[in-house]
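Chains as they are written, first to last, in our numbering: chain V, 1 to 364; chain S, 1001 to 1087; chain Y, 2001 to 2547; chain H, 3001 to 3197.
All C-beta atoms in this analysis are idealised placements derived from N, C-alpha and C, irrespective of residue type, glycine included.
Structure, as structure tokens:
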Amino acid sequence: MKTNIRQVACIALVALFIILGGILIGLKMYQWFLPESVTVESAMYDQLFRFTVSIAGMVFLLVEGTLLYVLIRFHRRPGETGDGVAIHGNTSLEIVWTLIPAIIVTVLSFYSYDVLKSVDVAYDSAASWFCGPLTPAKALAEPVSGGNLVIDVISRQFSWEFKYPQYNNVSSSEMHVPVDEFVLLRLTSEDVIHSFWVPQFRLKKDSLPGYVNEARFEAKNEGTYPVICAELCGLGHSEMRTALIVESKEKFDAWIQSLVSQTESAQTGDPVAQGRALFARLGCGACHTLSDVGTEGQLGPSLDGFGARAGGRIPGVSAEDYVKTSLRTPNAYIVAGFLDAMPSFADRLDDAELNALVQYLLQQ
Amino acid sequence: MEKLLRQQKYLLVFVALVIITAVEVTVSYLPFTDRTPQTIILVIGSLCKASLVMLYYMHLRDDSRWYALLVGFPLVIGVLLSVTFVL
Amino acid sequence: MAVDAATGVGIRARRASWLRYFSFSTDHKVIGVQYMAMSFVFLLLGIVLAMLIRAELAAPGVGVVNARLYNGIVTLHGTVMIFLWLIPALVGLANYIVPLMIGAEDMAFPRLNALSFWLFLVAGLLIVLGFVFGPAEAGWTAYAPLSTLGPAGQSFWIIGLIVNGFSSILGAINFVTTVVTMRAPGLTFWKLPLFVWSILAMTVLIFMGTPVLTAGLFMQLFDRSLGTVFFSPSGGGDPILWQHLFWFYSHPAVYIMVLPGMGALSEVIPVFARKPIFGYKMIAWSSIAISVLGLLVWAHHMFTTGVAPAILFPMMITSMIIAVPTGVKVFSWLATMWGGKLTLQTPLWFCIGFISNFLFAGMTGVMQASIPLDVHFQDTYFLVAHLHYALFGAGVFGAFAGIYYWFPKITGRMYNETFGRIHFVLVFIAFNITYMPMFWLGVNGMPRRVADYVPEFATANLIISISGFVLGFSFLIFLVNFFMSWAWGPKAPDNPWGALSLEWTLPSPPPQHNFAGRKIVVRYPYDFGTPAPGSGHQSSPPDGAGG
Amino acid sequence: MSVTSVASQQQTHQGHSGTLDHRKLGMWLFIGSEVMFFAGFIAAFVHFKVLNPAESALLDIPLTTVNSFLLLTSSFTVVSALAAIRERAVRRMWHFLIATWFLGAAFLMGQALEFSKLFYEGVTLHSVFGCTFFSVTGFHGFHVLIGLLWLLLILVKTFRRKIAGPEQAMQVEIFGLYWHFVDVVWIFLFAVIYLIR
């Protein structure tokens, strides 16, 4: 068929419109759609996102545009009879619309690999390429090598615990990291699969029972960001969130030092203080309200004024036994109106710790 | 006559299967230090046996291509699946 | 049945025709209707569950249901909608149509066909009844070890899915055998309607994927009942093993649910555009390509697990490549409509809805195929939106296109066109308002399967819930139209749409032994257009009711 | 593009198109999906074997070698039985099938012996090796059992003269396909589970 100049101009114009429109969509979505970008990695992520969405935008304009045009231009007018033209296909056209998407996804794959190389620990070495970052959980016992700050993320139904192996393993239920520093996370779980997600970091890693998973990031902005469990982990899944605080090196050092001294004093100090530390470390507050520690979990019964109630709860069961049993086999007694959601802490606490916790709770 | 040949063919295949099995077992007892060559031999051996059975006893050799296709595709994917899990 | 209902003969005959649907019939048409009817019963259940979910999420804080009930409802909703509504509905449609399309008298194994239906029914009851014995609450993905620790309902769920698996494997074997061995003389593969091609591709996925899931389900059942340690880390097992086995089936399941819809589009669009399908062979091959590639992408659901890149990265590439054959289909449909004479009736409207929604599913799909991007999307509402765009926006819209298109053939009556269009408008708008905001929610920090969320998501969730209720309501319009028209709708001619595939050469509804004793005129089924090359056929535009 | 051909519909379920027999095709498809089923279990076994290679030292290779020979022989007898019925030599088929049945039964007994020995040596379902090993070999044994029952049915039919010549050879052939498949699975299991260390 012969193509006159107007056709060519028309096609060129439409193509231009589609390309520019796509890029515009990409840029706008990138601004409106994504949450704040905090880490070096999330910046790279956003670049890839912008690129991908721009292409998606072009595809969107092309297809939806064609669809609308077809609907308007080619719908059957009232009283119109007859058929469309009998065109069975057009090889060159079909080749084109097979090749172009193929090229696009190839480019996208290469770009993705480029980003992965710099954001994902698994792509650091040929070894990890073939076995991945997953290692058996005992790896956590090994001493930490390298200068980077290492944080062991331990997840359990339904709370997070963050251990700092370089600061004689003190642990907290909130995560503090210094700004502008590489942080290596070693994630593991005590019961079921959880997933560590910080939307502003564009970072998500599953924490699996029996394995240690690894992730790293370098935060650029100070601030407080949510840590969210993204993998359905049981009845308290939606409650399983905590805070990640990015702060200046000085603030971080101050915080970690105070934590270290607190922990030491708690270990040496009276059982009540130790129990209080345990309550905080184990993240009981995720499900239980306790004003003394300043938690307001809703999934389990409130523990304010617990010491007074515990005794009379079950006839013939002393307050102390009641608490012990509730920690070892939580489903033995269920407070009316609550679910049997609490995991057992029997093999997570030694007798001394158990007693300390009991003493503390009975003080409430 | 042709029937007789077929019987002989089946018998030959059977003998071949037995021999390969014997070889496999002996190989598995050899005290290799590096297990890789042994593994390779065993895999090849079992593949040979399987294909012998399928080609002659299950008549894939003279039957329609459809059957070969419909069982070959799962075999390939299945092997891929298992390989994935070795990693 | 067309005989006058006044005479006792007519009445008895009609009653008999109704009773057939409650018997162990081996007629593929009866079984097809049984499948579809049951699937709609389960659909209603699934909708009720969805409404409960949206009611709970309408406002932050624990409201309508507690956490246990919520997890149970989410699990059952996913399971019911996928295994008990969409797949059976499509299988039922195929069960009715495919033998007619290939000029066969029935399926290759009629008794097996009936067996798979009744197995499906048993499976459905097991899964639903399990809810009573402590609901399965590990999500429809049933990730170990959460699922192996879960309450008794989980075991019912597992056994139900095993039975359902047997049912669909037997069905798949039946379909492939039927298409390969029972085509009418002269009906070569390259003259098959594209619906049959897509069903072929779908059944390949079923009989390849389902056994692997069944193996995994057996392992999980053993873990729960015999104390094996396949998935329990304490005993040295590996929870990721389940994810591999599960997704090996359950990713192809997506294509199982979308391919028949694509096939329906390839039937409806040419008929309503009065134009030959554009690039027949490319569309047929793209179906095959999708089903082959679909078996090699499962690990793209595991990008955050820390599995070796040697597994994940190749699967990322295969996942991306799937965009190519799907793109080919979409472009071919557009090219088919281009220059046609579109009769804008309900089946075509649903095809247009399919293309529009499927575009979003495809674009977000490519984004999620890219590992670094997916790390952020994984297990969030972004994914919830994406999967509903694929399964609902594409799968269900395709199913409706097919159901409206073949309704006259199946029931012998015309559906009400006005109601059909209202249904489409309502479902299309409500669908997009419901699921579009979920993309934003997910990216900004709302994980999936949560009973509670932070206050800043309240507005978006309220909008979603309201529009979700409208969406649920829109199905009632369809059901009303469906049953009213089946009972009192105007009689349908043999070929209301002026289509060319074989099923339309039969009376509506077709007689018991389909083509028994008839001449079968085999021809290329997309021979529309002027001048129609080869055939002197001058086709006439559809004259459907309300058109 | 639009060739038009006319023909009258046949009444039988036999395929119109091509020479493919629908029962045989169905059997092959079933085998195909069975391949995937076992692939799932073998994959699991391989997975854990890579994780901890030590445990499979307990396995009794001489015993299982004998078992393999039994199964291979039974494959030979089945195919010979098919050849026999195709030549209308019902008596010969009968003998071959009986032989097959006893070979299969012997295999099962060998497996029972092996399982009991392993239990005695303390291999339980509660270790990864135990659960993968017992489930995969157990499912294979289950398939052998089904095969034996099916074969029993065929023997009864033969006894009742229901299978008397090439006309009914298809029944034997389809059973044969199943039986050979079970054998093929064992060929792989034998290498993967027992021989590869």
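Proximal chain V residues relative to residue i, where beta-carbon distance stays under 7 Å
{"i": "residue 2029 (chain Y)", "result": "The premise fails here: residue 2029 (chain Y) is roughly 31 Å from chain V at the closest Cβ pair, so nothing lies under 7 Å."}
Assumed close pair residue i, residue j - CB separation to whole angstroms, cut-off 8 Å
{"i": "residue 187 (chain V)", "j": "residue 215 (chain V)", "result": "7 Å"}
{"i": "residue 2515 (chain Y)", "j": "residue 2103 (chain Y)", "result": "6 Å"}
{"i": "residue 2315 (chain Y)", "j": "residue 2299 (chain Y)", "result": "4 Å"}
{"i": "residue 2105 (chain Y)", "j": "residue 2193 (chain Y)", "result": "That belief does not hold up - the Cβ atoms of residue 2105 (chain Y) and residue 2193 (chain Y) are roughly 18 Å apart, past 8 Å."}
Cross-chain neighbours of residue i in chain H, by beta carbon under 8 Å
{"i": "residue 2222 (chain Y)", "result": "3125, 3131, 3135"}
Candidates the options: closest to residue i by CA position
{"i": "residue 118 (chain V)", "options": "V:26, V:182, V:131", "result": "V:182"}
{"i": "residue 2212 (chain Y)", "options": "Y:2197, Y:2182, Y:2122, Y:2250", "result": "Y:2250"}
{"i": "residue 61 (chain V)", "options": "V:23, V:173, V:32, V:71", "result": "V:23"}
{"i": "residue 2342 (chain Y)", "options": "V:360, V:81, V:5", "result": "V:81"}
{"i": "residue 2286 (chain Y)", "options": "Y:2332, Y:2021, Y:2464, Y:2089", "result": "Y:2332"}
{"i": "residue 2356 (chain Y)", "options": "V:10, V:15, V:65", "result": "V:65"}
{"i": "residue 148 (chain V)", "options": "V:165, V:17, V:32", "result": "V:165"}
{"i": "residue 293 (chain V)", "options": "V:172, V:7, V:111", "result": "V:172"}
{"i": "residue 3134 (chain H)", "options": "H:3158, H:3154, H:3086, H:3193", "result": "H:3193"}
{"i": "residue 2302 (chain Y)", "options": "Y:2152, Y:2378, Y:2034", "result": "Y:2378"}
Strand pairing of residue i, partner residues [DSSP]
{"i": "residue 447 (chain V)", "result": "The first residue shown for chain V is 1 and the last is 364, placing residue 447 (chain V) beyond what the model contains."}
{"i": "residue 188 (chain V)", "result": "V:154"}
{"i": "residue 213 (chain V)", "result": "V:187"}
{"i": "residue 177 (chain V)", "result": "V:246"}
{"i": "residue 136 (chain V)", "result": "V:211"}
{"i": "residue 195 (chain V)", "result": "V:206"}
{"i": "residue 226 (chain V)", "result": "V:243"}
{"i": "residue 2342 (chain Y)", "result": "V:75"}
{"i": "residue 182 (chain V)", "result": "V:218"}
{"i": "residue 2413 (chain Y)", "result": "Y:2491"}
{"i": "residue 34 (chain V)", "result": "Partner(s): none; residue 34 (chain V) has no beta bridge."}
{"i": "residue 39 (chain V)", "result": "V:219"}
Contacts that residue i makes with chain Y (C-beta to C-beta distance below 8 Å)
{"i": "residue 3044 (chain H)", "result": "2215, 2219, 2230, 2241, 2245"}
{"i": "residue 97 (chain V)", "result": "2327, 2328, 2331"}
{"i": "residue 1085 (chain S)", "result": "2241, 2244"}
{"i": "residue 204 (chain V)", "result": "2304, 2375, 2376, 2378, 2379"}
Interface partners of residue i on chain Y, CB under 9 Å
{"i": "residue 123 (chain V)", "result": "2309, 2313"}
{"i": "residue 3034 (chain H)", "result": "2211"}
{"i": "residue 2963 (chain H)", "result": "One cannot answer for residue 2963 (chain H) here, as it falls past the ends of chain H, which runs 3001 to 3197."}
Within chain V, partners of residue i - CB distance below 9 Å
{"i": "residue 2140 (chain Y)", "result": "The premise fails here: residue 2140 (chain Y) is roughly 10 Å from chain V at the closest Cβ pair, so nothing lies under 9 Å."}
Within chain S, the residues that residue i reaches when beta carbons sit closer than 8 Å
{"i": "residue 2180 (chain Y)", "result": "1066"}
{"i": "residue 2044 (chain Y)", "result": "Simply none; closest approach about 37 Å."}
Under 7 Å from the C-beta of residue i: neighbouring residues of chain S
{"i": "residue 3081 (chain H)", "result": "Near residue 3081 (chain H) there are no residues of chain S at all, since even the closest Cβ is about 11 Å away, more than 7 Å."}
{"i": "residue 3188 (chain H)", "result": "1046, 1050"}
{"i": "residue 2208 (chain Y)", "result": "1074, 1077"}
{"i": "residue 2248 (chain Y)", "result": "1081"}
{"i": "residue 3184 (chain H)", "result": "1050, 1053, 1054"}
Contact list for residue i against chain H, beta-carbon separation under 7 Å
{"i": "residue 2226 (chain Y)", "result": "3125"}
{"i": "residue 2176 (chain Y)", "result": "3029"}
Listed by chain order, chain Y residues near residue i by CB distance under 7 Å
{"i": "residue 50 (chain V)", "result": "Simply none; closest approach about 11 Å."}
Contact set between residue i and chain H, taken where Cβ atoms lie within less than 9 Å
{"i": "residue 1055 (chain S)", "result": "Within 9 Å Cβ-Cβ: nothing; residue 1055 (chain S) doesn't reach chain H, min ~11 Å."}
Checklist entry - If we count Cβ pairs, one from each stretch, closer than 8 Å, do we get three or more for the region 66-75 of chain V versus the region 35-44 of chain V? => result The region 66-75 of chain V vs the region 35-44 of chain V: no contact.
Checklist entry - Should the region 2121-2132 of chain Y be called in touch with the region 2157-2167 of chain Y, which here means at least 3 C-beta pairs below 8 Å? => result With contact defined as three or more Cβ pairs closer than 8 Å, the region 2121-2132 of chain Y and the region 2157-2167 of chain Y are in contact.
Checklist entry - How do the region 314-322 of chain V and the region 234-254 of chain V stand: do at least 3 beta-carbon pairs fall below 8 Å, yes or no? => result Per the Cβ contact rule, the region 314-322 of chain V is not in contact with the region 234-254 of chain V (fewer than 3 Cβ pairs under 8 Å).
Checklist entry - Is the region 2061-2068 of chain Y close to the region 2087-2098 of chain Y, with three or more CB pairs under 8 Å? => result No contact exists between the region 2061-2068 of chain Y and the region 2087-2098 of chain Y.
Checklist entry - Taking three-plus beta-carbon pairs below 8 Å as touching, is the region 245-257 of chain V in contact with the region 268-286 of chain V? => result Taking 8 Å as the limit for Cβ pairs, the verdict is that the region 268-286 of chain V does not touch the region 245-257 of chain V.
Item to check | Segment contact flag, the region 2398-2411 of chain Y with the region 2447-2456 of chain Y, C-beta cutoff 8 Å, min 3 pairs | outcome: Three or more Cβ pairs closer than 8 Å define a contact, and the region 2398-2411 of chain Y falls short of that threshold against the region 2447-2456 of chain Y.
Next on the checklist: Assess contact between the region 2497-2509 of chain Y and the region 2431-2439 of chain Y, defined as three or more Cβ pairs (one per stretch) separated by less than 8 Å. Is contact present?
Outcome noted: Fewer than three Cβ pairs drawn from the region 2497-2509 of chain Y and the region 2431-2439 of chain Y lie within less than 8 Å of each other, which leaves the two stretches out of contact.
Next on the checklist: I want to know whether the region 273-291 of chain V touches the region 211-231 of chain V - three or more CB-CB distances under 8 Å.
Outcome noted: The region 273-291 of chain V is not in contact with the region 211-231 of chain V.
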